[in-house]
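**Q** This is the structure I want to talk about, given as structure tokens.
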Amino acid sequence: MNCFQSLTAHSFYNMKIRNENLHHAMKAYVSAAIEFVTDRAKEANDSSGGDDFDFYWVHMRYSSDLTQVPQYKRCLKELAEDNEVGKHLDQNVSSYIRGGHTVSIAKMMNRVLELGRRDNSYEFDSERFEKEYSLFEETFYSDVLMCEAIAPLQGLLLEVPVVSLSPDTEVSQLEEGEMKPYRSPGSYWDNRWCAVRVKYQLPKLISDQRSQNRLPKMEEERAIEDKANETVEDVVNALRLMGKRDVYHSGIIHQTSKWLSIQHHSVANRVLGAGFISYQFGEGEAQSLKALWNKLDMPVVKKELDVAVRRFGDSCVRHRDEDKLIDLMIAAESLFLRGTKEGEKSFRLALRAAQFLGEGAAASKEVYDRMRLAYYYRSALVHGAKPSSDRKLKKVDLMKFAGEVGDDIQSAIFKALNLLGTAEIGGSLGDDYWNGYLFGRNAES
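When the letters of the sequence shown are read in order and numbered with our numbering, they come out as residues 578 to 1022.
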């Protein structure tokens, strides 16, 4: 099972069958063919004294004998008469930037056994067939290539099968079979391992449909893939914002349906977390992630908090505390100094943060002092100074200090999330808002 299947099985399971005749013929054939291969394997084991077998190798050995299955001819006939499926077989099928040559109808008759059998099983699975057949039909009947970006997550153990964030985006458990090409044989597997999955579509071109001026089309496709990659990063940052700070993805795999034999490719993640923590993620947290995602997806939030959320997320996987603090202070400036072009920025940032986050005089003073020192520390770092030689900084426990600043930024983002779009804050975190917040709504900017 490939990643495209895992994502889309949820949405395609209830789809209407396009070709009932093919559906019935293929279901009967796949069931009988699996039984045929299993029986041949058992006969071979009985004669050799063995007690186990590998379905894949037995299938390959007896693939030329599948024509002996009584249901073979009818299935072949229905498959050949389906114009939508037939026009894809033994053809070059592609988008503008990737593609492949599909199998012949005879080889497809061998491959369709995958529709009805789960890994490590030698019996026909009717429920799996219905799900997989929906995917099979959708692959050939769709006018576009149904694609998926999948990013396996490190550090998150998903206790529920799927967390649906939008029609095209989810976090869901991985199946061992879909990750088989990327793992060592016999390696440990945990059913709670999961991935971010993002569906997207690319143009589908069959045979010689490619235009001569392909460059603009290729650029459009890359932009679509880049958008899918950005969505993956946004989901990971949402998880970090929830407190799962060491969660990261190991790379993004871009796949299409296996039935089209189109080459897949992957994008490496250049910033990996420490990998020391694994967070359990249950139903309650799944509902919290959905609620958070709905807020983060609001246009006003994207406009006002994109930099803050992204830089907070980046800070979570920085291995050097100096880099962590720089990221956090970029997030702080995007929150508290938006639109500020003049004046003493350190004072403004600290004052606004203190008033926004502090509850009571003592707490406000603590936030104010921390943000003044954080801004000073950040300035020293970016201008090449050595903190160990600075009387203000040399006694600072930077790991602890960066953690406290990170907590402040996290709290500020959540408070801004709840206020953006309301009458109190409107649609901007610019100077007008902060002046009104500190000095009253009638204050002049």
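Glycine included, every Cβ here is placed at the ideal spot set by N, Cα and C.
1) Using 8 Å as the threshold, is the region 880 to 897 in touch with the region 855 to 867, meaning 3 or more CB pairs across them?
2) If you draw a straight line from the C-alpha of L914 to the C-alpha of I986, how long is it?
3) With 16 other CB atoms within 10 Å as the buried threshold, where does D803 fall?
4) Please return the same chain residues whose Cβ sits closer than 6 Å to the Cβ of R595, not counting the five positions on each side in sequence.
5) What would DSSP say about H831, mapped onto helix, strand or coil?
6) One question on the structure: do Q668 and I839 come within less than 8 Å of each other, judged by their Cβ atoms?
7) Could you spell out the range, first to last residue, of the beta strand (DSSP E) harbouring E725?
8) Do the CB positions of S988 and L934 come within less than 8 Å of each other?
9) In the DSSP assignment, what are the bridge partners of T1040?
10) Give the single residue among R822, P729, Y952 and F853 whose Cα lies nearest to the Cα of C893.
11) Among S671, L692, L599 and G754, which has the Cα closest to the Cα of A657?
12) Per DSSP, what kind of secondary structure is G676 in: helix, strand or coil?
13) Between the Cα of L733 and those of S743, E943 and R817, spot the shortest distance and give me the residue it belongs to.
14) Leaving aside the five residues before and after R895 along the sequence, list all residues of the same chain whose C-beta is less than 7 Å from its C-beta, in chain order.
15) On the criterion of 16 or more Cβ atoms from any shown chain inside 10 Å, does F706 qualify as buried, or is it exposed?
16) If you follow the beta strand (DSSP E) that Q864 is part of, which residue opens it and which one closes it?
17) Could you tell me the alpha carbon to alpha carbon distance between K969 and G850, rounded to whole angstroms?
18) Report the CB separation of F701 from V607 in whole angstroms; it is logged as a contact under 8 Å.
19) Using three-state DSSP, classify Q857 as helix, strand or coil.
20) List the whole-angstrom C-beta distance separating G663 from V670, where the pair is believed to meet the contact cut-off of C-beta under 8 Å.
21) In its own chain, which residues sit with a C-beta less than 7 Å from the C-beta of L1006, not counting the 5 before and 5 after it?
22) Quick check on DSSP: helix, strand or coil for P738?
23) Rounded to a whole number of angstroms, what is the C-alpha to C-alpha distance between T746 and S923?
24) I'd like to know whether the C-beta atoms of I801 and G693 end up nearer to each other than 8 Å.
25) In whole angstroms, give me the CA-to-CA distance for K757 and S764.
26) Which class does Y825 belong to by DSSP, given the choice of helix, strand or coil?
27) Which whole-angstrom value is the C-beta distance of T999 and W836, which I expect to be below 8 Å?
28) Which runs of the alpha helix (DSSP H) spanning at least 4 residues fall entirely within the region 940 to 999, listed in chain order?
29) According to DSSP, simplified to helix, strand and coil, what is P758?
30) Helix, strand or coil for N669, going by three-state DSSP, please let me know.
31) With a Cβ-Cβ cutoff of 8 Å, do L926 and A909 count as a contact?
32) Can you give me the Cβ contacts of R888 inside the same chain, cut-off strictly under 6 Å, excluding the 5 residues immediately before and after it?
33) Does the beta-carbon distance from S827 to Q731 come in below 8 Å?
34) In the DSSP assignment, what residue or residues form a beta bridge with P780?
35) Let me confirm a value: N846 is counted as buried when at least 16 other C-beta atoms fall within 10 Å, else exposed. Which label applies?
36) Anyone know if the C-beta pair for L653 and N687 falls short of 8 Å?
**A** To lay it out plainly:
1) Between the region 880 to 897 and the region 855 to 867 there are fewer than three inter-stretch CB-CB distances shorter than 8 Å, so the stretches are not counted as touching.
2) Within the sequence shown, numbered from 1, the residue matching residue 914 stands at position 337. Within the sequence shown, numbered from 1, the residue matching residue 986 stands at position 409. Between the C-alpha atoms of L914 and I986 there is a straight-line separation of about 13 Å.
3) In the sequence shown, the residue the question calls residue 803 occupies position 226. So D803 ends up on the exposed side.
4) As a first step, residue 595 is located in the sequence shown; it is residue number 18 there, counting from the start. Hits under 6 Å: E714 and Y718.
5) As a first step, residue 831 must be located in the sequence shown, where it is residue number 254. Note: H831 maps to strand in three-state DSSP.
6) Locating residue 668 in the sequence shown gives position 91, where the first residue counts as 1. Locating residue 839 in the sequence shown gives position 262, where the first residue counts as 1. Between Q668 and I839, the C-beta gap is not smaller than 8 Å, which leaves the two residues out of contact.
7) What you label residue 725 is simply residue 148 of the sequence shown in a count that begins at 1. Here the beta strand (DSSP E) through E725 covers V721 to Q731.
8) Here residue 988 is taken as the residue at index 411 of the sequence shown, counted from 1. Here residue 934 is taken as the residue at index 357 of the sequence shown, counted from 1. Yes, the Cβ-Cβ distance between S988 and L934 is below 8 Å.
9) With the chain running from 578 to 1022 in the structure shown, residue 1040 is simply not present.
10) Locating residue 893 in the sequence shown gives position 316, counting from the first residue. C893 has its Cα closest to that of R822, out of R822, P729, Y952 and F853.
11) Against the sequence shown, residue 657 aligns to sequence position 80. Closest in alpha carbon position to A657, among S671, L692, L599 and G754, is L599.
12) Translated into positions along the sequence shown, residue 676 becomes position 99. For G676, the secondary structure class from DSSP, reduced to helix, strand or coil, is strand.
13) On the sequence shown, position 156 is the one that residue 733 refers to. Minimum Cα distance to L733 is reached at R817.
14) Indexing the sequence shown from 1 puts residue 895 at position 318. Correct list, in chain order: K901 and D904.
15) As a working note, residue 706 is residue 129 in the sequence shown. Taking all protein chains shown into account, F706 has 16 or more neighbouring C-beta atoms within 10 Å of its C-beta and is therefore buried.
16) Along the sequence shown, one-based indexing puts residue 864 at 287. Boundaries for Q864: no beta strand (DSSP E) harbours it, while the alpha helix (DSSP H) harbouring it runs E860 to L873, taken from the DSSP string.
17) Indexing the sequence shown from 1 puts residue 969 at position 392. Indexing the sequence shown from 1 puts residue 850 at position 273. Using only the alpha carbons, I get a separation of about 30 Å.
18) As a working mapping, residue 701 is identified with position 124 in the sequence shown. As a working mapping, residue 607 is identified with position 30 in the sequence shown. That belief holds up - the Cβ atoms of F701 and V607 are roughly 7 Å apart, short of 8 Å.
19) Counting from one through the sequence shown, the residue named residue 857 turns up at place 280. DSSP places Q857 in strand when its eight states are reduced to three.
20) Residue mapping note: residue 663 aligns to position 86 of the sequence shown, counting from 1. Residue mapping note: residue 670 aligns to position 93 of the sequence shown, counting from 1. About 13 Å separates the CB atoms of G663 and V670; that is not less than 8 Å, and the two are not in contact.
21) Walking along the sequence shown from the start, residue 1006 turns up at place 429. Here the set comprises E881, L912, R915 and A993.
22) For this step, residue 738 is matched to residue 161 along the sequence shown. Of the three classes helix, strand and coil, the one that applies to P738 here is coil, per DSSP.
23) Translated into the one-based positions of the sequence shown, residue 746 becomes position 169. Translated into the one-based positions of the sequence shown, residue 923 becomes position 346. A direct Cα-to-Cα measurement between T746 and S923 gives close to 39 Å.
24) Locating residue 801 in the sequence shown gives position 224, where the first residue counts as 1. Locating residue 693 in the sequence shown gives position 116, where the first residue counts as 1. No, they are not a contact pair.
25) For this step, residue 757 is matched to residue 180 along the sequence shown. For this step, residue 764 is matched to residue 187 along the sequence shown. Take the alpha-carbon of K757 and the one of S764: they are about 10 Å apart.
26) Position 248 of the sequence shown, counted from the start, is the residue given in the question as residue 825. Strand, per DSSP.
27) As a working mapping, residue 999 is identified with position 422 in the sequence shown. As a working mapping, residue 836 is identified with position 259 in the sequence shown. No, T999 and W836 are not in contact; Cβ-Cβ is about 49 Å, not under 8 Å.
28) Listed in chain order, they are 975 to 996.
29) Residue 758 sits at position 181 when you count from the first residue of the sequence shown. Helix at P758.
30) Against the sequence shown, residue 669 aligns to sequence position 92. When secondary structure is reduced to three states using DSSP, N669 falls in the strand class.
31) If you number the sequence shown from 1, residue 926 lands on position 349. If you number the sequence shown from 1, residue 909 lands on position 332. For L926 and A909, yes; Cβs fall inside 8 Å.
32) Counting from 1 along the sequence shown, the entry for residue 888 is found at position 311. Correct list, in chain order: D904, I907 and A908.
33) Position 250 of the sequence shown holds residue 827. Position 154 of the sequence shown holds residue 731. In this structure, Q731 lies closer than 8 Å to S827 by Cβ.
34) Locating residue 780 in the sequence shown gives position 203, counting from the first residue. Residue pairing of P780 in beta bridges, as defined by DSSP: V721.
35) By one-based count along the sequence shown, residue 846 stands at place 269. The residue in question, N846, is buried, as its Cβ has 16 or more Cβ neighbours within 10 Å.
36) The sequence position of residue 653 within the sequence shown is 76, counting from 1. The sequence position of residue 687 within the sequence shown is 110, counting from 1. Not closer than 8 Å, so no.
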